[in-house]
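Numbering (our numbering), first residue to last: 450 to 591.
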């Protein structure tokens, strides 16, 4: 488990880069990511995509609210296996007053596309818990 709270921590997600314009995370496939018959569960990619886009959306809002998922469309293109390290990158398609749309690519260590998707976020005007932004301080590239 990583220091990240919630589902990302349970899935072993590590944040490599976190800015308002791009968020990059990675995780290594292990037994907790598998369906009962031994292959990675597609829901893992959906969850990582939504969390990664939500972090990007939160950073883009810059303390003026939170971003929550309203739609998640993820296509599974290639099967990964236990031991594969997956890197997921979120980049913006659209960022507006009430909603955002983010593109996500999940690739293996050879750069082969494993899953890709889009996540739509709603921008909510509510106070951002200080710990939500504090976790990402220092992750942005120098």
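Even glycine gets a Cβ: it sits at the ideal position worked out from N, Cα and C.
query: Can you name, in chain order, every residue of its own chain whose Cβ lies under 7 Å from the Cβ of residue 564, other than the five neighbours on each side?; result: 494, 523, 524, 525, 526 and 555
query: Pick helix, strand or coil for residue 526, following the three-state DSSP scheme.; result: coil
query: Among 479, 456, 491 and 501, which has the Cα closest to the Cα of residue 468?; result: 501
query: For the segment 461-475 against the segment 531-538, do three or more pairs of beta-carbon atoms, one drawn from each stretch, fall closer than 8 Å, so that the two count as touching?; result: yes
query: Taking Cβ to Cβ, would you say residue 496 is nearer than 9 Å to residue 460?; result: yes
query: For residue 550, which residues of its own chain have a beta-carbon under 7 Å away from its beta-carbon, when the five flanking residues on both sides are left out?; result: 542, 543, 567 and 569
query: Can you tell me whether residue 576 is helix, strand or coil according to DSSP?; result: coil
query: Rounded to whole angstroms, what is the Cα-Cα separation between residue 576 and residue 483?; result: 36 Å
query: What did DSSP end up calling residue 480 once you bin it into helix, strand or coil?; result: helix
query: In terms of alpha-carbon separation, which member of 478, 491 and 504 lies closest to residue 455?; result: 504
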